[in-house]
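S.K.: Below you will find the structure I want to go over with you.
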């Protein structure tokens, strides 16, 4: 599929496409005045995928194709800028980010660094929100006692789980 045809003085093209469905690969073809064609190398952009997990996020990506990659940096958006979460070897294409808080979205992006050069390439972005499937232990309930005709006092000890946020009391 031909996406772009322009005179030889144009050196950039921005493709407006959904980057989440599949890895996108591009070849630039040079045509001379007699329509002789010579293709460039094919470059394939990094496609980022992932899934939220129990108190963690799993990211994986299809590797960049076009020039050798020395390393990938797993970036996350934090305080209005991109920070490096970790770096992995150029042959690696997955990272498990753990432990995380539940229900707190994290925005990821992958940066590929050229082996022996200065070029970089980026993936699209992905937002994952980890969840929590582990229920907290119930608090040790010590007693319920009537204080007077209109009040009942309940007493319990703290739950031993560290991530308890609130206690709810239900009456039947």
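In the numbering used here, the protein residues as written are 367 to 538.
Note that beta-carbon positions come from the ideal geometry of N, C-alpha and C, so glycine has one too.
Any idea which residues DSSP pairs residue 502 with across the strands?
M.R.: In the DSSP output, where bridge partners are listed per residue, residue 502 has none listed.
S.K.: Using 8 Å as the threshold, is the C-beta distance between residue 474 and residue 440 below it?
M.R.: Result yes, Cβ atoms of residue 474 and residue 440 sit closer than 8 Å.
S.K.: Just confirm the distance between the C-beta atoms of residue 431 and residue 410, as a whole number of angstroms; I'd bet it's less than 8 Å.
M.R.: Rounded, the Cβ-Cβ distance is 4 Å, consistent with contact.
S.K.: In chain order, what residues of the same chain have a beta carbon less than 7 Å from the beta carbon of residue 521, not counting five sequence neighbours either side?
M.R.: Result list for residue 521: 508 and 509, in chain order.
S.K.: Grab the span of the beta strand (DSSP E) containing residue 393 for me, first residue to last.
M.R.: Here the beta strand (DSSP E) through residue 393 covers 391 to 397.
S.K.: Taking residue 449 as part of the beta strand (DSSP E), name the residues at either end of that continuous run.
M.R.: Per DSSP, residue 449 belongs to the beta strand (DSSP E) from 447 to 455.
S.K.: Would you report the Cα separation of residue 446 and residue 470, rounded to the nearest angstrom?
M.R.: Roughly 16 Å separates the two Cα atoms.
S.K.: What is the C-beta distance between residue 438 and residue 407, in whole angstroms, given that I count them as a contact (C-beta under 8 Å)?
M.R.: The pair is not a contact, with the Cβ atoms about 20 Å apart (cut-off 8 Å).
S.K.: Which residues does DSSP pair with residue 408 in a beta bridge?
M.R.: Per DSSP, 393.
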